[in-house]
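Inspection log for the structure reproduced underneath, given as structure tokens.
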Amino acid sequence: MVVGPLTLQELSAHLADSGLPNNVRGEGNPTLTGCNTIDAAGAGEITFLANPKYRDRVPQCRASAIILRPDAASIAQMPQIVCDDPYQALTLAVVRIHGYRRHPQWGVDSRASIAESAQLGPGANVAAGVTVCENVVIGKNVILYPGVFVGPGATLGDDVLLYPNVTVYDGCRLGDRVTVHAGTVIGEDGLGFAPVGGKWMKIPQAGVVILDDDVEIGANCTIDRATLGTTRVGEGTKFSNLVAVGHGCQIGPDCLFVAQVGIAGSVTIGRHVMIAGQAGIAGHLEIGDDAQISAQAGVNSSVKAGTTVLGAPATPVKEARRRYAAWQKLPDMKDRLRTLEREIAELKAALAQMQANAER
Amino acid sequence: MVVGPLTLQELSAHLADSGLPNNVRGEGNPTLTGCNTIDAAGAGEITFLANPKYRDRVPQCRASAIILRPDAASIAQMPQIVCDDPYQALTLAVVRIHGYRRHPQWGVDSRASIAESAQLGPGANVAAGVTVCENVVIGKNVILYPGVFVGPGATLGDDVLLYPNVTVYDGCRLGDRVTVHAGTVIGEDGLGFAPVGGKWMKIPQAGVVILDDDVEIGANCTIDRATLGTTRVGEGTKFSNLVAVGHGCQIGPDCLFVAQVGIAGSVTIGRHVMIAGQAGIAGHLEIGDDAQISAQAGVNSSVKAGTTVLGAPATPVKEARRRYAAWQKLPDMKDRLRTLEREIAELKAALAQMQANAER
Amino acid sequence: MVVGPLTLQELSAHLADSGLPNNVRGEGNPTLTGCNTIDAAGAGEITFLANPKYRDRVPQCRASAIILRPDAASIAQMPQIVCDDPYQALTLAVVRIHGYRRHPQWGVDSRASIAESAQLGPGANVAAGVTVCENVVIGKNVILYPGVFVGPGATLGDDVLLYPNVTVYDGCRLGDRVTVHAGTVIGEDGLGFAPVGGKWMKIPQAGVVILDDDVEIGANCTIDRATLGTTRVGEGTKFSNLVAVGHGCQIGPDCLFVAQVGIAGSVTIGRHVMIAGQAGIAGHLEIGDDAQISAQAGVNSSVKAGTTVLGAPATPVKEARRRYAAWQKLPDMKDRLRTLEREIAELKAALAQMQANAER
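Chains as they are written, first to last, in the working numbering: chain Z, -8 to 351; chain W, -8 to 351; chain U, -8 to 351.
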């Protein structure tokens, strides 16, 4: 695919070819050498307005062009691409103008340590300081950055991309086009200890981790191998950084986990589940398809498909909001309660007085 | 110790020899080549039922044998080992059938960087890409995976096992049989800065970290060195992944910390304390022996021995549950309060009317 | 600067020279070879009392000298340095007696992989197993520990210090005197995926990370590159460990972030903002200068300059404390509400009775 600068008119045509109807407005047909944010874009760059919150920054914007929605077209002075989905248009523009990362070319560096019994497919790009252990099987066109460790018997599919200092423990299996960012650890032992006389006896962690095709894992994550069987992350699922997945979890396809999410052991998660930052899920629960877990949520019971939960303990969003609204009124409720107690005391006294009068 | 397949009868005898009374039930004496979960186990594998939650999965299970409690024995059709502690039996079975990890054998790879003044005990297994700095002292039979860094003056006891890309800063001391999983950092500088005229002046972090015998640390953890003196983790304590320990903490023996736990500086923790995932403990607190800290708890005051705390701010479990029960009723309480206010207004009006009538 | 042992009188003079008025009290002028905590200090060591909480440990302290405030001077028996800011005095004492870390001297190890097009300033100290890619520009006197990776086109200023296994992705820029602790990743791709037909399409992450002069980052942190433009950390800002910063954040100078803090994408943070452990900030918010975010806070709306917020959702401290006080009374409030309902029912009945009597 062609990558590099093009004119606004050419970009418009490219978006249309990619299935995104759009119009060019304004005068001029600038050549676009980069994409940038509204605040930082300068001459030769194209920017975009998707979040209305940034609308009032458009007049000061110095970009050569902007992508925006029809209802916002009037606020910009520079040449525009007008379409219904500026974010999707921007995505296509970034792919077309910047393209994806170009990796260093190492071939298979002679200073990599590759065991004799390991199989390495054609097109491998393996840096110095990589370790590939006995009986590893690796597909075509893999890229292994320096400091990557692939343990005995592990398998990597075609086009796997492991950034610096990624560790894959023994026996783990990564599908095609799996990408793992720097420092992440796949398949370490989970917290598998049995209590024996007040001490913790280590249970061999005999299982593995499987990452299915097109999984992308962020930096410095940790995914425990199963004690028995597999810990699995489904096809197309994407993690951000510092995510911890416990032993034996089964995570479905096309999920999205934000940074610092923690999943305890033996959790089953459906497809297209979205988990926001710092949320945690307790062990042995089931999270249904398309569920959404909010940031910092503490999930301690299973979540039904399609449900959004908030807070700790995590609660379906409608009930959580009712509780939160009441919680905001809590000091006020306390005051009102005190007022009521006083009023009731007064009423009782008044009533007693009336009864006394009536009996007289 | 022998590791590998054996028959069900042999396994039963092995469990009995290990101090776990049990009975074999059902027909046949299958050879067991592996242990697996109820859902995943197949022919030749033994599974177990410890958590009653998985009881209804037993009828569909395709394992060749199962370990379960006497009260569950009737639900399984396959040959069984019946005992009071299926989890402990399974642990022993996994050790016997799968055994612990077999590590690659590197000897002392000539591409490791080992300072001349470093002392390396017999039986060392040191990979390429390991760095051992000046004045390091290392015991017998250590295993150092690729990318391990052992800083100047650090000491490692016998049988220490450091997985790939573990960093041990200068002067830190690891006891015998300490295991550290990939990417973990031991002894980095803590957040030791003094405010000087609106800037942060770095305080030299002159202390170290000591990990006592039989400590096991998960992947991508960080344990700060002390500013002065030591940060210490007691004998037999086990951490999961992404745990952060601040400078100067004193952690007792036989504790268990789940993933993403964070301990601020100068915290003192007793023996056999269990801290669940994502919990945090503020600085300078004391946590007594056998305390249990629940997941995501925010501990902002010291916790007495034997106490279980929940929530943020962390509260003893009984009181926390009372508050939570009330909190669930909060929207309802708000409604009831409004009703009471209306009723009191009505009562007042009625009373005023009666008083007016009485005075007439 | 001179580093090493000195006498108490010499230390007192050194503090005075450094702008910290102080007096020596007590008999003797011990030679001080180290600084240590009250509990651990022994002969030849000086300790300090800053936190009044540790006051009752002073009588048992075996240090040869102590630094404390005038109002605490009477409780210690050993020779003292009395001054208004013991913590600052201790900082200066640690710098003077212990000094900062002395690093191994590697020169430029021949086993480092340095691309031909990379520029390396004078005084470089580069270990075996370091990778410096094409078109990297590095200033004077940098220290790169083993396993460090500096991606294509990145720039490092003078006196940059990268501990083991730090990864700097392509194009990122580190200013002078930037320090990054082991295992941290700078400039990995953020969670930039566009939803296309139920799948996640990767958006090229075309931006970079800039760490300004004198930034120090702890161990195993992750700082996302911007999708477009830059993620920036301002001059003199310090992070502890396991901190996650999302793509496109703009963080001001002289901030302090404690361990496990998580900042979502496109957050703008002012100068001298302090964020305590495990706190999280949602995307696209603004945090004003000198704001303070408490531990585990969940910030879901912007925070004004100078404000302290607590809890989740984060709330200004005064209101948060009122709510918390009410929350502690919640079970009690529930009981009082029930009592009121009963009393009102009784009042109603009594009133009805009186009305019936009056009408008779």
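Beta carbons: idealized from backbone N, C-alpha and C, even for Gly. If you're wondering where the values come from, they're calculated on a predicted model, not measured in any experiment.
Three-state secondary structure (DSSP) of residue i
{"i": "U/Glu337", "result": "helix"}
{"i": "U/Met265", "result": "strand"}
{"i": "W/Val159", "result": "strand"}
{"i": "U/Thr22", "result": "strand"}
{"i": "W/Asn348", "result": "helix"}
{"i": "Z/Leu111", "result": "strand"}
{"i": "U/Ile129", "result": "strand"}
{"i": "Z/Trp97", "result": "coil"}
{"i": "U/Met69", "result": "coil"}
{"i": "U/Val169", "result": "coil"}
{"i": "W/Ser55", "result": "coil"}
{"i": "U/Ser257", "result": "coil"}
{"i": "U/Leu6", "result": "helix"}
{"i": "W/Gln79", "result": "helix"}
{"i": "Z/Val236", "result": "strand"}
Residues that residue i contacts on chain Z, provided the C-beta gap is smaller than 8 angstroms
{"i": "W/Glu332", "result": "Arg327 and Leu331"}
{"i": "U/Cys413", "result": "It is not possible to answer for residue 413 of chain U, since the shown part of chain U is limited to -8 through 351."}
{"i": "U/Asn348", "result": "Ala349"}
{"i": "W/Asn156", "result": "Gly138, Phe140, Asn156, Thr158 and Gly174"}
Option in the options with minimal Cα separation from residue i
{"i": "U/Gly377", "options": "U/Ala109, U/Asn132 and U/Gly166", "result": "Examination of residue 377 of chain U is not possible in this model, given that chain U is present from -8 through 351 alone."}
{"i": "Z/Asp100", "options": "Z/Tyr91, Z/Leu111 and Z/Gly90", "result": "Z/Leu111"}
{"i": "U/Tyr136", "options": "U/Val127, U/Gly142 and U/Thr122", "result": "U/Thr122"}
{"i": "W/Ala173", "options": "Z/Phe184, Z/Arg164 and Z/Thr158", "result": "Z/Thr158"}
{"i": "Z/Ala311", "options": "Z/Asp323, Z/Pro322, Z/Leu331 and Z/Gly289", "result": "Z/Gly289"}
{"i": "U/Cys246", "options": "U/Ile254, U/Ala255, U/Val258 and U/Thr228", "result": "U/Thr228"}
{"i": "W/Thr298", "options": "W/Gln287, W/Val264 and W/Leu331", "result": "W/Val264"}
{"i": "W/Leu11", "options": "W/Gln196, W/Gly189, W/Pro77 and W/Leu40", "result": "W/Pro77"}
{"i": "U/Ala282", "options": "U/Phe248, U/Glu332, U/Arg313 and U/His275", "result": "U/Phe248"}
{"i": "U/Ala54", "options": "U/Thr82, U/Ala34 and U/Leu219", "result": "U/Ala34"}
{"i": "U/Asn211", "options": "U/Ile254, U/Ala250 and U/Gly188", "result": "U/Ala250"}
{"i": "Z/Arg216", "options": "Z/Arg262, Z/Asp167, Z/Cys163 and Z/Pro186", "result": "Z/Cys163"}
{"i": "W/Asp205", "options": "Z/Trp191, Z/Leu2 and Z/Arg314", "result": "Z/Trp191"}
Proximal residues of chain Z, C-beta to C-beta of residue i below 9 angstroms
{"i": "W/Lys44", "result": "His275"}
{"i": "W/Ser231", "result": "Gly181, Leu182, Thr213, Asp215, Ala235 and Gly237"}
8 angstroms contact criterion, which residue i and residue j should meet: CB distance rounded
{"i": "U/Leu152", "j": "U/Gly130", "result": "At roughly 12 angstroms, the Cβ-Cβ gap does not stay under 8 angstroms, so U/Leu152 and U/Gly130 are not in contact."}
{"i": "Z/Ala103", "j": "Z/Ala118", "result": "7 angstroms"}
{"i": "W/Asn13", "j": "W/Cys52", "result": "Not quite, the Cβ-Cβ distance comes to about 19 angstroms (not below 8 angstroms), so this is no contact."}
{"i": "U/Asn27", "j": "U/Thr(-2)", "result": "Not a contact, Cβ separation roughly 17 angstroms."}
{"i": "U/Ala80", "j": "U/Ile58", "result": "5 angstroms"}
{"i": "U/Val199", "j": "U/Gly178", "result": "6 angstroms"}
Interface partners of residue i on chain U, CB under 7 angstroms
{"i": "Z/Gly268", "result": "Gly253, Ala255 and Gly271"}
{"i": "W/Ala303", "result": "Gln287"}
Residues that residue i contacts on chain U, provided the C-beta gap is smaller than 8 angstroms
{"i": "W/Met(-8)", "result": "Here the premise fails: no neighbours, minimum Cβ distance about 35 angstroms."}
Straight-line Cα distance separating residue j from residue i
{"i": "Z/Ile29", "j": "U/Gly181", "result": "19 angstroms"}
{"i": "Z/Gln68", "j": "Z/Ala56", "result": "9 angstroms"}
{"i": "W/Ser231", "j": "U/Ile335", "result": "55 angstroms"}
{"i": "W/Gly138", "j": "Z/Asn156", "result": "8 angstroms"}
{"i": "U/Asn348", "j": "Z/Arg327", "result": "33 angstroms"}
{"i": "W/Thr221", "j": "W/Gly239", "result": "6 angstroms"}
{"i": "W/Gly237", "j": "W/Gly302", "result": "21 angstroms"}
{"i": "W/Asp62", "j": "W/Tyr45", "result": "14 angstroms"}
{"i": "W/Thr218", "j": "U/Asp150", "result": "23 angstroms"}
{"i": "Z/Ala64", "j": "Z/Ala32", "result": "18 angstroms"}
{"i": "W/Glu277", "j": "Z/Ile260", "result": "37 angstroms"}
{"i": "U/Ala270", "j": "U/Ala235", "result": "11 angstroms"}
{"i": "Z/Pro113", "j": "Z/Trp97", "result": "13 angstroms"}
Residue-chain proximity (residue i, chain A), Cβ-Cβ < 7 angstroms
{"i": "W/Ser55", "result": "Annotation note: the requested chain A is absent from the structure, which comprises protein chains Z, W and U."}
Partner residues on chain W for residue i, Cβ-Cβ distance less than 8 angstroms
{"i": "Z/Lys131", "result": "Those within 8 angstroms of Z/Lys131 in chain W number zero; the least Cβ separation is about 24 angstroms."}
Contact set between residue i and chain Z, taken where Cβ atoms lie within less than 7 angstroms
{"i": "W/Cys163", "result": "What W/Cys163 touches in chain Z: nothing, since even the nearest Cβ is about 20 angstroms away."}
{"i": "U/Lys190", "result": "Gly227 and Asp245"}
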